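**Student:** For the record, the sequence lines run as chains A, B, C and D.
Counting from 19, one number per residue, gives the positions in the first sequence under our numbering.
Counting from 19, one number per residue, gives the positions in the second sequence under our numbering.
Counting from 19, one number per residue, gives the positions in the third sequence under our numbering.
Counting from 19, one number per residue, gives the positions in the fourth sequence under our numbering.
Shown below is the structure under consideration.
4 protein chains.
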Amino acid sequence: MRGYFKSPVTYCEIHPEQKCMSREIKFPLVAVNFKTYRESTGEYALHLARMAEEVSVKTGVCIAVAPQLVDISKVVATVNNTPVFAQHLDPYDPGPYTGHVSIESVKQAGATGSLVNHSEHMLKISEIDLIVRKMRNLGLNSLVCANTAQVSAAVAALEPNIIAIEPPELIGSGIPVSKAKPEIVTDTVSLIQKVKPNIPVLCGAGIGKGEDASAAIRLGTKGVLVSSGVVKAQDPKQVLLDLARSVTI
Amino acid sequence: MRGYFKSPVTYCEIHPEQKCMSREIKFPLVAVNFKTYRESTGEYALHLARMAEEVSVKTGVCIAVAPQLVDISKVVATVNNTPVFAQHLDPYDPGPYTGHVSIESVKQAGATGSLVNHSEHMLKISEIDLIVRKMRNLGLNSLVCANTAQVSAAVAALEPNIIAIEPPELIGSGIPVSKAKPEIVTDTVSLIQKVKPNIPVLCGAGIGKGEDASAAIRLGTKGVLVSSGVVKAQDPKQVLLDLARSVTI
Amino acid sequence: MRGYFKSPVTYCEIHPEQKCMSREIKFPLVAVNFKTYRESTGEYALHLARMAEEVSVKTGVCIAVAPQLVDISKVVATVNNTPVFAQHLDPYDPGPYTGHVSIESVKQAGATGSLVNHSEHMLKISEIDLIVRKMRNLGLNSLVCANTAQVSAAVAALEPNIIAIEPPELIGSGIPVSKAKPEIVTDTVSLIQKVKPNIPVLCGAGIGKGEDASAAIRLGTKGVLVSSGVVKAQDPKQVLLDLARSVTI
Amino acid sequence: MRGYFKSPVTYCEIHPEQKCMSREIKFPLVAVNFKTYRESTGEYALHLARMAEEVSVKTGVCIAVAPQLVDISKVVATVNNTPVFAQHLDPYDPGPYTGHVSIESVKQAGATGSLVNHSEHMLKISEIDLIVRKMRNLGLNSLVCANTAQVSAAVAALEPNIIAIEPPELIGSGIPVSKAKPEIVTDTVSLIQKVKPNIPVLCGAGIGKGEDASAAIRLGTKGVLVSSGVVKAQDPKQVLLDLARSVTI
Numbered sequence: 019m020r021g022y023f024k025s026p027v028t029y030c031e032i033h034p035e036q037k038c039m040s041r042e043i044k045f046p047l048v049a050v051n052f053k054t055y056r057e058s059t060g061e062y063a064l065h066l067a068r069m070a071e072e073v074s075v076k077t078g079v080c081i082a083v084a085p086q087l088v089d090i091s092k093v094v095a096t097v098n099n100t101p102v103f104a105q106h107l108d109p110y111d112p113g114p115y116t117g118h119v120s121i122e123s124v125k126q127a128g129a130t131g132s133l134v135n136h137s138e139h140m141l142k143i144s145e146i147d148l149i150v151r152k153m154r155n156l157g158l159n160s161l162v163c164a165n166t167a168q169v170s171a172a173v174a175a176l177e178p179n180i181i182a183i184e185p186p187e188l189i190g191s192g193i194p195v196s197k198a199k200p201e202i203v204t205d206t207v208s209l210i211q212k213v214k215p216n217i218p219v220l221c222g223a224g225i226g227k228g229e230d231a232s233a234a235i236r237l238g239t240k241g242v243l244v245s246s247g248v249v250k251a252q253d254p255k256q257v258l259l260d261l262a263r264s265v266t267i
Numbered sequence: 019m020r021g022y023f024k025s026p027v028t029y030c031e032i033h034p035e036q037k038c039m040s041r042e043i044k045f046p047l048v049a050v051n052f053k054t055y056r057e058s059t060g061e062y063a064l065h066l067a068r069m070a071e072e073v074s075v076k077t078g079v080c081i082a083v084a085p086q087l088v089d090i091s092k093v094v095a096t097v098n099n100t101p102v103f104a105q106h107l108d109p110y111d112p113g114p115y116t117g118h119v120s121i122e123s124v125k126q127a128g129a130t131g132s133l134v135n136h137s138e139h140m141l142k143i144s145e146i147d148l149i150v151r152k153m154r155n156l157g158l159n160s161l162v163c164a165n166t167a168q169v170s171a172a173v174a175a176l177e178p179n180i181i182a183i184e185p186p187e188l189i190g191s192g193i194p195v196s197k198a199k200p201e202i203v204t205d206t207v208s209l210i211q212k213v214k215p216n217i218p219v220l221c222g223a224g225i226g227k228g229e230d231a232s233a234a235i236r237l238g239t240k241g242v243l244v245s246s247g248v249v250k251a252q253d254p255k256q257v258l259l260d261l262a263r264s265v266t267i
Numbered sequence: 019m020r021g022y023f024k025s026p027v028t029y030c031e032i033h034p035e036q037k038c039m040s041r042e043i044k045f046p047l048v049a050v051n052f053k054t055y056r057e058s059t060g061e062y063a064l065h066l067a068r069m070a071e072e073v074s075v076k077t078g079v080c081i082a083v084a085p086q087l088v089d090i091s092k093v094v095a096t097v098n099n100t101p102v103f104a105q106h107l108d109p110y111d112p113g114p115y116t117g118h119v120s121i122e123s124v125k126q127a128g129a130t131g132s133l134v135n136h137s138e139h140m141l142k143i144s145e146i147d148l149i150v151r152k153m154r155n156l157g158l159n160s161l162v163c164a165n166t167a168q169v170s171a172a173v174a175a176l177e178p179n180i181i182a183i184e185p186p187e188l189i190g191s192g193i194p195v196s197k198a199k200p201e202i203v204t205d206t207v208s209l210i211q212k213v214k215p216n217i218p219v220l221c222g223a224g225i226g227k228g229e230d231a232s233a234a235i236r237l238g239t240k241g242v243l244v245s246s247g248v249v250k251a252q253d254p255k256q257v258l259l260d261l262a263r264s265v266t267i
Numbered sequence: 019m020r021g022y023f024k025s026p027v028t029y030c031e032i033h034p035e036q037k038c039m040s041r042e043i044k045f046p047l048v049a050v051n052f053k054t055y056r057e058s059t060g061e062y063a064l065h066l067a068r069m070a071e072e073v074s075v076k077t078g079v080c081i082a083v084a085p086q087l088v089d090i091s092k093v094v095a096t097v098n099n100t101p102v103f104a105q106h107l108d109p110y111d112p113g114p115y116t117g118h119v120s121i122e123s124v125k126q127a128g129a130t131g132s133l134v135n136h137s138e139h140m141l142k143i144s145e146i147d148l149i150v151r152k153m154r155n156l157g158l159n160s161l162v163c164a165n166t167a168q169v170s171a172a173v174a175a176l177e178p179n180i181i182a183i184e185p186p187e188l189i190g191s192g193i194p195v196s197k198a199k200p201e202i203v204t205d206t207v208s209l210i211q212k213v214k215p216n217i218p219v220l221c222g223a224g225i226g227k228g229e230d231a232s233a234a235i236r237l238g239t240k241g242v243l244v245s246s247g248v249v250k251a252q253d254p255k256q257v258l259l260d261l262a263r264s265v266t267i
């Protein structure tokens with residue numbers, strides 16, 4: 019059930035006894051989207067990233083964090099073995115693009131990947147194509163989100179590194195997609211399988227307990243994308259521990 | 019080289035001796051995007067649609083027209099055997115959506131299909147998914163445009179009725195995609211083939227002569243999507259004749 | 019309380035005994051936004067426009083209608099003395115703008131004005147500037163919507179023909195802005211007064227009864243912008259009669 | 019010609035002998051938009067910010083810098099007396115807004131203001147209203163850009179702290195707005211004067227020499243907004259010195 023992923027960034031042989039000791043993506047994966055919650059901004063972002071790293075070291079499960087843009091460089095300076103993702107990138111090379119997020123600036127800040135097309139920041143199909151391509155050229159991991167199984171299959175044709183299926187109506191609901199709509203997850207896995215069989219699939223929306231994560235793995239995913247279930251939890255570290263232990267089943 | 023297409027609207031057996039005698043889509047197809055040119059607005063739109071129908075009757079080749087929204091009902095009333103497409107739809111059901119284009123309103127106006135995601139009006143992948151789905155339910159033909167071969171493959175996963183590949187840099191250039199970038203067309207055809215082999219592919223951008231159209235057919239397409247090459251021609255009818263005769267090779 | 023408006027289109031002296039006998043805007047004004055409701059699409063649009071004209075002839079109060087783009091030309095052909103507005107325009111001259119709404123196409127279809135920046139289709143400030151300017155050059159009436167008193171004052175600086183204040187949270191609510199939030203209406207009127215004192219102000223959101231309309235007039239507006247209160251009423255003609263009689267107080 | 023600005027952040031009495039010794043905005047102002055140029059990203063951003071501070075200390079003229087989001091916290095840690103602006107903000111409070119820029123996150127990162135509605139990232143009028151309001155509540159300086167004199171007057175009604183007029187066609191052109199289109203600058207100053215007389219006006223686009231800056235001041239502005247003229251100069255520090263000396267005339 020556990021697999022390793024040839025990250026475009028670097029690739030290290032992961033031995034069984036070895037823990038996650040670089041910013042490399044390893045599966046199963048728990049990815050934590052910090053969104054723009056107060057509980058994950060500024061100092062809280064650093065605190066949450068430290069917790070993620072502690073849980074990762076303890077369990078050997080890779081936990082990626084996606085803080086806000088302004089917090090990326092501080093998070094990178096705070097944790098050493100945790101992949102740090104942006105939440106959004108614009109499809110631009112360096113140039114006169116005031117207020118946009120150039121992919122290079124995010125790479126220089128130390129991020130090793132980015133969410134793309136999250137349901138709270140959806141993109142044009144031509145932009146996703148361009149972003150995934152530019153990220154590949156810069157050695158960044160693209161985690162493209164999709165709201166339906168069909169959209170998942172569509173974005174698979176663009177060959178991102180990871181795809182996450184998240185039905186928007188369940189995001190932030192506390193109702194886990196892996197239990198409430200398991201058929202969306204299995205449809206996604208099987209449709210992507212036909213287009214590009216090697217792309218790992220995560221699922222998200224409403225995930226907040228270990229049993230939601232293990233259900234996700236049983237449906238064929240390689241991990242989970244979580245947000246409020248961790249960020250707004252009373253004890254985020256405990257939730258992260260629960261999730262990390264459950265994705266390895 | 020000539021094929022017939024099971025339109026979701028109606029399906030009629032087309033016999034060899036039969037001309038295009040309904041609003042049915044038939045391949046090879048010449049689709050004419052009127053854009054918002056002065057030469058294809060209002061009275062000119064009706065004039066151009068009449069020309070398209072005359073050429074279609076004369077050659078037996080199906081010619082679809084895509085006038086502006088305000089002109090659709092008049093064009094529908096002017097031509098009888100010509101498929102009339104919208105240029106854009108919004109993914110909305112009837113409701114409180116001021117200024118948007120509900121799919122139902124376009125169907126009630128008599129259109130039998132629509133362009134979707136034209137490079138001058140690109141859409142989010144989730145919107146394309148929703149629009150294609152809603153058009154299918156209403157029996158409308160979806161002609162989804164794509165700017166790269168990869169995007170073509172992506173939209174194929176959403177199962178539109180027709181896909182058109184148009185590299186934006188050649189649109190309106192007078193440099194035909196089928197001659198300047200034949201590999202984009204063949205890549206598109208072969209990538210779509212792997213995802214959904216039955217979706218007919220058109221190509222567009224810079225097409226204005228019969229030889230551009232016959233080159234397109236030889237590259238594996240089922241027709242062409244044209245605009246300024248016809249609309250802004252000194253003699254649009256002659257260009258249409260030339261194109262129609264060339265797509266049948 | 020009743021006033022006349024120098025329309026940029028034409029200007030006719032309206033004598034007391036004279037009814038609204040052209041597509042000219044006259045104040046007080048009842049403007050009916052058809053949105054994309056099923057009850058105001060296609061044949062229903064024509065029916066509703068006819069009712070508006072009957073009520074206008076009967077009461078002498080100007081009633082403008084704003085059907086969907088595909089219905090504009092049919093509505094124009096159906097009513098003779100009713101101003102017909104689009105619901106949205108794009109800031110484009112004729113050209114290669116697939117799927118967009120060129121201002122000229124709407125004028126050619128017979129519309130004499132358009133809503134701009136409705137809260138269901140908000141625009142960039144630079145777009146509003148361009149649209150209002152282009153409409154003025156083409157002799158079309160611009161009715162710019164605003165969601166707050168401050169935004170109303172801002173758009174006043176662009177010198178549209180009419181401004182409508184509509185707090186989005188009350189739109190479609192059945193709770194009339196003129197009764198629930200009278201201070202928003204009076205603030206709007208007084209802020210616009212300071213910037214451009216001659217621009218007539220309408221108010222909208224939740225208006226469905228005569229008493230809502232007369233309350234609006236008492237707050238300093240020159241009329242109302244209505245939608246579901248009329249379109250989805252059991253007896254739209256009765257509601258229109260009630261509104262028309264109430265705006266003259 | 020020199021004036022001081024009651025920043026909403028803090029206010030310090032500036033004595034004649036005193037240099038710019040805080041992150042306070044002081045007029046005349048030279049604001050440097052880093053855009054997403056390679057020459058102003060990452061380490062280069064810090065280098066450029068240091069230069070700005072040195073020139074400010076030397077000349078006593080306030081120089082604000084607007085680096086990319088990912089670089090804000092490092093720039094804040096590098097310079098002490100330089101106002102640091104974001105290039106764009108989204109109108110969101112903390113919450114589930116993946117990939118967006120919450121105003122609070124930017125404040126926590128140490129920025130004291132932000133560009134708003136730059137012509138490379140234009141916003142809806144309702145968004146500008148909301149952003150300016152939220153920035154005011156958080157004590158951040160809003161510098162709203164406008165592309166025409168009319169748009170400048172419109173945004174003045176929203177009462178931002180500073181307005182910058184930048185005709186897009188001159189941005190990055192090397193042709194200074196203050197010399198090529200002085201009437202746009204004077205129109206802007208006089209239109210804003212009528213709406214909100216106390217808002218300081220900057221001008222930008224094509225500014226790269228001291229004489230462009232002094233021309234701007236003579237036209238009634240309180241400073242300049244520059245970008246490529248500094249960022250892509252062979253000797254940015256020399257250009258900054260030239261500009262700083264010229265705005266005081």
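Built from N, CA and C at the ideal position, the CB exists for glycine as well.
These numbers were taken from a predicted model, which means no experiment stands behind them.
Please go through the same chain and pick out, in chain order, the residues whose beta-carbon is closer than 6 Å to the beta-carbon of I225 (chain D), but skip the five residues on each side of it.
**Tutor:** The answer, listed in chain order, is P194, V242, V244, G247.
**Student:** Check whether the stretch 121-136 of chain A and the stretch 157-173 of chain A touch, using three or more Cβ-Cβ pairs below 8 Å as the test.
**Tutor:** At 8 Å Cβ cutoff, the stretches touch.
**Student:** Counting C-beta neighbours from all protein chains within 10 Å, is the total for P215 (chain A) 16 or more, i.e. buried, or is it exposed?
**Tutor:** The residue in question, P215 (chain A), is exposed, as its Cβ has fewer than 16 Cβ neighbours within 10 Å.
**Student:** Got a sec: is the Cβ-Cβ distance from K152 (chain A) to anything in chain D below 9 Å?
**Tutor:** Taking Cβ atoms only, chain D never reaches closer than 9 Å to K152 (chain A), which makes this a no.
**Student:** Look up S132 (chain D) in the DSSP assignment and give the residues it is bridged to.
**Tutor:** D:A104, D:S160, per the DSSP bridge assignment.
**Student:** Alpha carbons only, please: which of D:L237, D:L188, D:V150 is nearest the one belonging to D108 (chain D)?
**Tutor:** For the residues D:L237, D:L188, D:V150, the minimum Cα distance to D108 (chain D) belongs to D:V150.
**Student:** Decide if the stretch 72-81 of chain D is in contact with the stretch 84-97 of chain A; the criterion is three or more beta carbon pairs, one per stretch, under 8 Å apart.
**Tutor:** No: fewer than three Cβ pairs fall under 8 Å.
**Student:** Is there a C-beta anywhere in chain C that falls below 9 Å from the one on T206 (chain D)?
**Tutor:** Closer than 9 Å: no.
**Student:** Note down, in chain order, every chain B residue with its Cβ under 9 Å from the Cβ of N135 (chain A).
**Tutor:** Here the neighbours are K142, I143, S144.
**Student:** Please list, in chain order, the chain D residues whose beta carbon lies closer than 7 Å to that of Q168 (chain C).
**Tutor:** Near Q168 (chain C) (Cβ distances below 7 Å), the residues of chain D are D147, A175, L176.
**Student:** State yes or no: is the C-beta of A60 (chain D) within less than 9 Å of the C-beta of D89 (chain D)?
**Tutor:** Here the sequence assigns Gly to residue 60 (chain D), which means Ala is not the residue at that position. Yes, the pair counts as a contact, with Cβ atoms nearer than the cut-off.
**Student:** With 16 as the cutoff for other CB atoms within 10 Å, does S232 (chain B) come out buried or exposed?
**Tutor:** Label assigned to S232 (chain B): buried.
**Student:** Once DSSP output is grouped into helix, strand and coil, what is the label at G247 (chain D)?
**Tutor:** If DSSP states are grouped into helix, strand and coil, G247 (chain D) belongs with the helices.
**Student:** For the stretch 205-237 of chain B, list every residue whose C-beta sits within 9 Å of some C-beta in chain A, in sequence order.
**Tutor:** Correct list: L209, K212, V213.
**Student:** For the stretch 89-115 of chain C, list every residue whose C-beta sits within 9 Å of some C-beta in chain B, in sequence order.
**Tutor:** Within the stretch 89-115 of chain C, the residues whose Cβ lies closer than 9 Å to some Cβ of chain B are D89, I90, S91, K92, A104, Q105, H106, L107, D108, Y110, D111, P112, G113, P114, Y115, listed in chain order.
**Student:** Alpha carbons only, please: which of C:S58, C:S40, C:L209, C:S170 is nearest the one belonging to I143 (chain D)?
**Tutor:** The shortest Cα separation from I143 (chain D) among C:S58, C:S40, C:L209, C:S170 belongs to C:S170.
**Student:** Short check: CB of L47 (chain A) to CB of A82 (chain A), under 9 Å?
**Tutor:** Yes; because the gap between Cβ atoms is below 9 Å, this pair is in contact.
**Student:** How many whole angstroms separate the CB atoms of S196 (chain A) and A234 (chain A), which I take to be in contact at a CB cut-off of 8 Å?
**Tutor:** Contact flag correct, Cβ pair sits at about 4 Å.
**Student:** Tell me where the beta strand (DSSP E) around G228 (chain C) begins and ends.
**Tutor:** Segment 228-236 is the alpha helix (DSSP H) holding G228 (chain C); no beta strand (DSSP E) there.
**Student:** Spatial neighbours of L261 (chain A) within its chain, please: C-beta separation below 7 Å, excluding the five flanking residues on both sides.
**Tutor:** If we look at L261 (chain A) and ignore the five residues flanking it on each side, its Cβ neighbours are V48, G228, A231, V242, V244.
**Student:** Any idea if K212 (chain C) is buried or exposed, counting beta-carbon neighbours within 10 angstroms, 16 or more meaning buried?
**Tutor:** Looking at its Cβ environment, which holds fewer than 16 other Cβ atoms inside 10 Å, K212 (chain C) is exposed.
**Student:** Within the 9 Å Cβ cut-off, does V75 (chain B) reach chain C?
**Tutor:** Not an interface residue.
**Student:** I121 (chain D): buried (16+ other C-beta within 10 angstroms of its C-beta) or exposed?
**Tutor:** With 16 or more other Cβ atoms within 10 Å, it is buried.
**Student:** Taking only beta-carbon positions, decide if A172 (chain B) is within less than 9 Å of chain A.
**Tutor:** It does; some Cβ of chain A falls within 9 Å.
**Student:** Measure the C-alpha to C-alpha separation of L176 (chain D) and P178 (chain C) and round it to an integer number of angstroms.
**Tutor:** Those two C-alpha atoms are separated by around 18 Å.
**Student:** What is the rounded straight-line gap between the Cα of V102 (chain A) and the Cα of A172 (chain D)?
**Tutor:** Rounded to the nearest angstrom, the two C-alpha atoms are 41 Å apart.
**Student:** I think I217 (chain B) touches I210 (chain B), with their Cβ atoms under 8 Å apart; what is that distance to the nearest whole Å?
**Tutor:** Correct: roughly 6 Å between the Cβ atoms.
**Student:** Quick one, which residues of the stretch 46-60 of chain B are near chain C if we go by CB-CB under 7 Å, in chain order?
**Tutor:** So the close ones are N51, K53, T54, Y55, R56, T59, G60.
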